[in-house]
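See below for the structure under consideration.
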Amino acid sequence: MHRFANPARFLRITDAVLPWSAALTIVLLALGLYYGLWASPVDYQQGATVRIMYIHVPAAWMGMMIYSLMAIASAVALIWRHPLADLIAKAAAPIGASFTFICLVSGSLWGAPTWGTWWVWDARLTSVLILFFLYLGYIAIWQAFDDPTRAARAAAIVALVGFVNIPIIKFSVDWWNTLHQGESLFTGHGSEIDPTMLRPLILMALAFTAYFITVLIYRVRAEIIARKLRVLRLSAIEG
Amino acid sequence: MTALRAFFSMGGYAAYVWPAFATAAVVLSVLLLASRRRWRANAAALASLQAARPGRRGTRATPGGGATPVAASLAGDTAPAVHRDA
């Protein structure tokens, strides 16, 4: 019964959260786009290309945050056999992969006019590309096993091993020479970004977070139902 | 009018700024719609499966009597969805 008690509580809580996270996504996205595309100044060096930052940087944060969440959920699943942790990690992976993809594409579109190149094989760009492939590998492992218990175990181990990449991404701009600019928000001595640019940046990051929560709820629910369906169909086959 | 044209031209960087925003819009929309569609499809399948086998938690008139309609609905998936948003 413990197997079903937890998902039941998850469904009850998310029933209450879902309308709020969906509404917040819309409101924050509208505000973020208004300030990001219209009511903020252009950069004195980069011109309007600075507006790409409002997509690129929050998408990068989401890619890393979602992977970290996946690694934590995988650890919880491996250690405590929590019946929902696996499903949360599995449901989060495509969302993280999408944000990482957006980060890579928008970064390329930002690099072309400002650096004069779409891509360089430096530490920051390469480690984010590896993050994208880690997501794809994780998703592929879930599909490679017929037995969901074994798939969950293998996927959780991959998620945990791949976690070493997250601090590498974070500190790559300090450890190696790169075209990519360094940290300018969490510097230890305060933000170096002008408040007029910080506002849309934070709004977009919050909008992406609300979006993540909304889509994660949809995906975890689909997984919970899929597991119930599997159990019901197996018991039907076995009589 | 000029303000609007300036907005869309993005100071000459329209070819970089708009594709970045468009990529995000397309990817996030597709993911949202696909996730919601799968949830609803699974919920409908579960509802039809439970409707086909009402004896699981309730009264069970004949032992194992529920197996046949479930097998039928599995084979054809023809059972109508009862509660789409269940």
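Here the protein sequences come in this chain order: A and B. Residue 250 is where the first sequence starts when you use the numbering used here, and the numbers rise one by one after that. Residue 12 is where the second sequence starts when you use the numbering used here, and the numbers rise one by one after that. We put the CB at the ideal spot given by N, CA and C, even for glycine. Owing to the predicted nature of the structure, the values given are computational and were not obtained by experimental measurement.
Can you give the Cα-Cα distance for I442(A) and R16(B), rounded to whole angstroms?
Indexing the first sequence from 1 puts residue 442(A) at position 193. Indexing the second sequence from 1 puts residue 16(B) at position 5. Looking at the two C-alpha atoms, the distance is approximately 28 Å.
Can you name the residues that DSSP bridges to G296(A)?
Counting from 1 along the first sequence, the entry for residue 296(A) is found at position 47. Partner(s): D292(A).
So if I threshold CB-CB distances at 7 Å, which residues from the stretch 24–50 of chain B count as touching chain A?
Only those residues of the stretch 24–50 of chain B whose C-beta falls short of 7 Å from the nearest C-beta of chain A are listed: Y24, Y27, V28, P30, A31, F32, T34, A35, V38, L39, L42, L43, S46, R47, R49, W50.
Along chain B, in chain order, which residues have C-beta atoms closer than 8 Å to that of F435(A)?
Here residue 435(A) refers to the residue found at position 186 when the first sequence is read from its first residue. The contacting residues do not exist; F435(A) stays about 23 Å from chain B at best.
Unbroken alpha helix (DSSP H) run spanning R399(A), endpoints:
The residue you call residue 399(A) lines up with position 150 of the first sequence. Segment 397–411, the alpha helix (DSSP H) holding R399(A).
Which chain B residues sit within Cβ distance under 7 Å of V291(A)?
Taking the first residue of the first sequence as position 1, residue 291(A) is located at position 42. What V291(A) touches in chain B: G22.
Under 8 Å between beta-carbons, which chain A residues line up against F18(B)? List them in chain order, please.
Your numbering for residue 18(B) matches position 7 in the second sequence. Those within 8 Å of F18(B) in chain A are L286, W287.
Do the CB positions of W6(B) and Y387(A) come within less than 8 Å of each other?
The requested residue 6(B) is not part of the displayed model; chain B covers only 12 to 97.
Grab the span of the alpha helix (DSSP H) containing W310(A) for me, first residue to last.
Translated into positions along the first sequence, residue 310(A) becomes position 61. Run containing W310(A): 302–329, per the alpha helix (DSSP H) assignment.
Check whether the stretch 389–405 of chain A and the stretch 330–340 of chain A are in contact - that is, three or more C-beta pairs closer than 8 Å.
yes
Which complete beta strand (DSSP E) runs does the stretch 427–458 of chain A hold, if anything under 3 residues is left out?
none
Classify Y283(A) as buried or exposed, calling it buried when 16 or more other Cβ atoms lie within 10 Å of its own Cβ.
For this step, residue 283(A) is matched to residue 34 along the first sequence. With fewer than 16 other beta carbons inside 10 angstroms of its own, Y283(A) counts as exposed.
Less than 8 Å between the beta carbons of P449(A) and S289(A), yes or no?
By 1-based counting over the first sequence, the position of residue 449(A) is 200. By 1-based counting over the first sequence, the position of residue 289(A) is 40. It is a contact, given that the beta carbons lie within the stated cut-off.
To the nearest angstrom, how far is the alpha carbon of H331(A) from that of V325(A)?
Within the first sequence, residue 331(A) is the residue found at index 82, counting from 1. Within the first sequence, residue 325(A) is the residue found at index 76, counting from 1. Their backbone Cα atoms lie some 7 Å apart in a straight line.
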